[in-house]
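Everything on this sheet refers to the single structure shown next.
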Amino acid sequence: MKTKYLIVMLFIFILSIAAVSANELDENQLDNNNENDEILSIDSTNDNMDNCTIIGNDLVKYYKNDTQYEVQVFDENHTKLNNTKVEFTVNGYTYIRTVHDGIARMNINLNPGDYPITAKNCYDNTTVTNKITVLSTIISSDLTKYFKNASQFKFTLLDGLGNPEAGMKATININGVYYKRTTDKNGTANLNINLNPGKYILTVEREDIGLKKSSIVTVLPTILCNDLVKYYRNASQFKATLLDEIGNPAANAKMTININGVYYNRTTDENGTANLNINLNPGKYVLTVEQNTTGLKMAVRVTVLPTIISNDLVKYFKNASQANVKVLDDMGNPLKNSKLIFNINGVSYTRTSDNEGNAKLNINLQPGDYILTVERLDNHLKVSSKIKVLPKLIARDVNTCTEGKAFPVKLVNDVGEPEAGKTLTGVIDGKIFHATTNSEGIATFQLSSLTKGYYTITVSYGENIISNKLLVEKGTVSVIRNLGNPNAPKIAYVVGLHPLEHRTHETLLKILPTIPGLNYCYDVYVIQVTEDIGYYGDGLSNDKNPGRQNGQYLAYNYVYPQILKGGYKLTVDVHSNVGYGVPAFVFSPVTGGAGERYARTVASNCANVNYYQISTTTSAPYLTIPLNQNGIPAFYYEEYSFEPQSSMDMHMTQLLYAVDGLKF
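When we follow the working numbering, the leftmost residue of the sequence shown carries the number 11, and every step to the right adds one.
Written out as structure tokens, the structure reads:
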């Protein structure tokens, strides 16, 4: 028995020695693997490590120190692996590391913060997840302080082990301004905050490693005041409270208040408060309070509401619309039996508000714009509004040269809708005309009997009366635009300046629109003389022929100004004659300029159109000469007035193609 007992005890002793040796081996091996690392906090997340093939722990480290995250890797028999792979996934990225002696390590260079990290044993795809906490080496807090008190923003810089670092440089940015600071022996640096009240983001940046940390700096005002909305001259006051540097009410403190350009001095009471009466007219104002001891200024809005509500009015002549006003008491409630004076167009009217605070005034003024002023007799508040009376007869001044000998007038009812089938009466120089409105309310007075001159036409319908100016010319001017290529440079043709030469004018108007593929954009100015046209053989010289003079007048007053500002590259004035011995020719009355150069080029490209210089012309001073003198090249085209039409067509076609072939 003793022998058996000794054998059993010996076996237990051997097993105990083996167990102790195994524990020492594991601990020594773990220590050897981490002898250069500082693990600030370890929290095992594996309760049953015997069943795991990958083991890791949470890690807490300071920014950019050398501490690594590591995992232990085994096979299914809990034997350390070697030269296998581990995948680390952190912050959205995956990294692969090689296992050495059962351990895989990874450097952690993340910004301060908390990060989950997952490590996968590529041997059997088992995983472990831990938390990595990266601590900032900038220690700072948000700061809340009152304006210009002694509170400073403070921060501390630490080394990689969390110890204060002296003599380290940092850059501070707040409100767009940068400041340099160096830490003291405690690793701390300060910054005075002398900013106006508000919230600011302050950023500290370490110059050695580039780490940044932001804080919120809140500067509280030592003036407390709010916007004020009040009715005109009620008891509401503006109030402001002054605080000391720690936020307590400041009694007997001085302040200056500025509103509407006037300054007021006030001293606070035992509660730190001062008041200001507001007796300004209705409107919006900016009020500024200045604390005299600190120089702090705060601005608020003061809105004074009127106790008379009067809106602008737009109405048609003598319809039922009235000017309405509402009178309010000091609290904005309707005020009855309030005496008012309405003044409009120099006449005053007295009214009293009804139970709803309303007062009204009929408006029977002639069409026009007026200012209505309403005054309360109790507090003498005055408010103004605009009154616009619209006419029921609508017309405008007419120039018959550009609009023809007709005068349209529109008639509308009380709400501006067209009035059809109504007869209007017009008077010109004592002569009476009548016209009836159509479905659009327009009546057209025909003016064909009027001769050249200025007239006033007065049109009436019932109580509605309007007067307008008429300029009657001895002809009209119209423009045919955008023939040819509308996107190309523009060339102008002028026809009708001399009315007896109409065959040439008609030929151009017939042929030009039919030519395909033109290079340029063409506008044709058509002068139509309607009085004193005359006839060939009337015995009048060119300079005394009234028809020619009328056309020249229209050209100078209505065509020349439009061409001058129209951006044209060239103008061609089209005429005919009773005989120069040359059937068709071009020339410029201004020699040596661009007009002559273009005319000669055109002639050189026409088989039957020559360049033929005429010494004098009656129309040149009214169009081609002033155009040439003001930078618009211009020349004449002349055709024999009695040339067969077929020849006229041929000559005109050659001219048009030659002009279209010019280079500018």
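For glycine and all other residues, C-beta sits at the position ideal for the given N, C-alpha and C. Please read these numbers as outputs of a predicted model, since none were measured by experiment.
Proximity of glycine 436 and threonine 461 at Cβ, strictly below 8 Å | Residue 436 sits at position 426 when you count from the first residue of the sequence shown. Residue 461 sits at position 451 when you count from the first residue of the sequence shown. No; because the gap between Cβ atoms is not below 8 Å, this pair is not in contact.
Among the residues of its own chain, which have a CB less than 6 Å from the CB of tyrosine 380, if the five just before and after it don't count?
-> Residue mapping note: residue 380 aligns to position 370 of the sequence shown, counting from 1. Cβ within range, chain order: Ile354, Asn355, Ile397.
Inter-residue CB distance, proline 418 and threonine 454 (contact presumed, cutoff 8 Å) = Taking the sequence shown and counting its residues from 1, one reaches residue 418 at position 408. Taking the sequence shown and counting its residues from 1, one reaches residue 454 at position 444. The pair is a contact, with the Cβ atoms about 5 Å apart (cut-off 8 Å).
So what does DSSP say about arginine 513, is it helix, strand or coil?
-> Start at 1 with the first residue of the sequence shown, and residue 513 comes out as number 503. Helix, per DSSP.
Just the Cα atoms here: how many angstroms apart are asparagine 206 and glycine 305?
-> By one-based count along the sequence shown, residue 206 stands at place 196. By one-based count along the sequence shown, residue 305 stands at place 295. Those two C-alpha atoms are separated by around 10 Å.
Could you pull out every residue in the same chain whose Cβ sits closer than 8 Å to the Cβ of arginine 311, ignoring the five residues on either side in sequence?
-> Walking along the sequence shown from the start, residue 311 turns up at place 301. The residues are Asp237, Leu238, Lys294, Tyr295, Val296, Leu297.
Using DSSP with H/G/I as helix, E/B as strand and the rest coil, what is proline 571?
-> For the purposes of this step, residue 571 is taken as the residue at position 561 of the sequence shown. Reduced to three states, the DSSP call for proline 571 is helix.
Kindly indicate which residue of Gln78, Arg558, Ile573 has the alpha-carbon position closest to the one of glutamine 538.
-> As a position in the sequence shown, residue 538 is number 528, starting the count at 1. Out of Gln78, Arg558, Ile573, Arg558 has the C-alpha closest to the C-alpha of glutamine 538.
Between the Cα of glycine 177 and those of Lys240, Gln456, His515, Leu167, spot the shortest distance and give me the residue it belongs to.
-> Numbered from 1 along the sequence shown, position 167 holds the residue referred to as residue 177. If we check each option's Cα against that of glycine 177, Leu167 comes out closest.
Taking DSSP as the reference, what is the three-state secondary structure of proline 428?
-> By 1-based counting over the sequence shown, the position of residue 428 is 418. Secondary structure of proline 428 (DSSP, three-state): strand.
For leucine 564, which residues of its own chain have a beta-carbon under 6 Å away from its beta-carbon, when the five flanking residues on both sides are left out?
-> Mapped onto the sequence shown, residue 564 falls at position 554. Answer for leucine 564: Gly485, Val487, Ile537, listed in chain order.
Pull up the distance between the alpha-carbon of asparagine 587 and that of serine 651, whole angstroms please.
-> What you label residue 587 is simply residue 577 of the sequence shown in a count that begins at 1. What you label residue 651 is simply residue 641 of the sequence shown in a count that begins at 1. Between the alpha carbons of asparagine 587 and serine 651 lies a distance of about 5 Å.
Could you check where the alpha helix (DSSP H) with asparagine 638 kicks off and where it finishes?
-> If you number the sequence shown from 1, residue 638 lands on position 628. It spans 634 to 639 - the alpha helix (DSSP H) in which asparagine 638 sits, taken as one unbroken run.
So asparagine 2 packs on threonine 213, CB below 8 Å; how close in whole Å?
-> Any answer about residue 2 is impossible in this case: the structure gives the chain only from 11 up to 674.
Give the range of the beta strand (DSSP E) segment to which leucine 230 is assigned.
-> Numbered from 1 along the sequence shown, position 220 holds the residue referred to as residue 230. In the DSSP assignment, leucine 230 falls within the unbroken beta strand (DSSP E) covering 222 to 230.
Hey, which unbroken runs of the beta strand (DSSP E) at 3 residues or more fall wholly within the segment 584 to 659?
-> 594 to 597, 644 to 650
First and last residue of the alpha helix (DSSP H) that includes glycine 557?
-> As a position in the sequence shown, residue 557 is number 547, starting the count at 1. Counting along the chain, the alpha helix (DSSP H) containing glycine 557 begins and ends at 556 to 564.
Count the CB pairs spanning the segment 614 to 624 and the segment 579 to 595 that are closer than 8 Å, and state whether there are at least three.
-> yes
Does the segment 255 to 266 touch the segment 278 to 292, meaning 3 or more C-beta pairs lie closer than 8 Å?
-> yes
Any idea what DSSP makes of lysine 264, helix, strand or coil?
-> Residue numbering aside, residue 264 sits at position 254 when the sequence shown is read from its first letter. The answer is strand: DSSP assigns lysine 264 an E or B state.
Contacts around tyrosine 125, its chain only, beta-carbon distance under 6 Å, and the 5 residues preceding and following it disregarded | Locating residue 125 in the sequence shown gives position 115, where the first residue counts as 1. Closer than 6 Å at the Cβ level, and outside the excluded window around tyrosine 125, lie Val100, Asn101, Ile142.
Could you work out which residue in Thr192, Arg361, Thr137 is closest to lysine 164 when comparing CA atoms only?
-> Numbered from its first residue, the sequence shown carries residue 164 at position 154. Answer by Cα proximity: Thr192.
Taking C-alpha atoms, which residue in Lys209, Gly172, Ile219, Asp169 lies nearest to threonine 181?
-> Here residue 181 is taken as the residue at index 171 of the sequence shown, counted from 1. When only C-alpha atoms are compared, the closest one is Ile219.
Buried versus exposed, by CB contacts within 10 Å (16 or more), valine 187 = As a working note, residue 187 is residue 177 in the sequence shown. Looking at its Cβ environment, which holds fewer than 16 other Cβ atoms inside 10 Å, valine 187 is exposed.
Beta-carbon spacing of tyrosine 471, leucine 507 below 8 Å | Looking up residue 471 in the sequence shown gives position 461. Looking up residue 507 in the sequence shown gives position 497. No, they are not a contact pair.
Write down the C-beta distance between serine 458 and lysine 415 rounded to the nearest angstrom, noting that I regard them as a contact closer than 8 Å.
-> Position 448 of the sequence shown, counted from the first residue, corresponds to residue 458. Position 405 of the sequence shown, counted from the first residue, corresponds to residue 415. With 8 Å as the limit, serine 458 and lysine 415 qualify as a contact, their Cβ atoms being about 5 Å apart.
Terminal residues of the alpha helix (DSSP H) in which threonine 412 lies = On the sequence shown, position 402 is the one that residue 412 refers to. That run of the alpha helix (DSSP H) goes 410 to 413.
For the putative contact between tyrosine 72 and leucine 145, defined by C-beta atoms under 8 Å, what is the C-beta separation to the nearest angstrom?
-> Taking the sequence shown and counting its residues from 1, the one referred to as residue 72 is at position 62. Taking the sequence shown and counting its residues from 1, the one referred to as residue 145 is at position 135. That belief holds up - the Cβ atoms of tyrosine 72 and leucine 145 are roughly 5 Å apart, short of 8 Å.
In three-state DSSP terms, what is threonine 136?
-> By one-based count along the sequence shown, residue 136 stands at place 126. Reduced to three states, the DSSP call for threonine 136 is strand.
How big is the Cα-Cα spacing for asparagine 93 and lysine 74?
-> The residue labelled residue 93 in the question sits at position 83 within the sequence shown. The residue labelled residue 74 in the question sits at position 64 within the sequence shown. About 27 Å.
Every unbroken beta strand (DSSP E) inside the segment 178 to 214 [3 residues or more] = 179 to 184, 187 to 192, 198 to 202
N- and C-terminal bounds of the beta strand (DSSP E) containing asparagine 334 | Reading the sequence shown from its first residue, position 324 is the one you call residue 334. From DSSP, the beta strand (DSSP E) with asparagine 334 extends over 332 to 337.
Can the beta-carbon of glycine 66 be found less than 8 Å from the beta-carbon of asparagine 140?
-> Here residue 66 refers to the residue found at position 56 when the sequence shown is read from its first residue. Here residue 140 refers to the residue found at position 130 when the sequence shown is read from its first residue. Note that the C-beta distance between glycine 66 and asparagine 140 is below 8 Å.
Residues near aspartate 388 by beta carbon distance below 8 Å, same chain, minus five either side | As a first step, residue 388 must be located in the sequence shown, where it is residue number 378. Counting only Cβ-Cβ distances below 8 Å, and skipping sequence neighbours, we find Ser348, Lys349.
Where do the ends of the beta strand (DSSP E) carrying alanine 309 lie?
-> Within the sequence shown, numbered from 1, the residue matching residue 309 stands at position 299. Unbroken beta strand (DSSP E) run through alanine 309: 307 to 315.
Can you have a look at phenylalanine 157 and say buried or exposed, based on whether 16 or more other CB atoms are within 10 angstroms of its CB?
-> Working through the sequence shown from its first residue, we reach residue 157 at position 147. Looking at its Cβ environment, which holds 16 or more other Cβ atoms inside 10 Å, phenylalanine 157 is buried.
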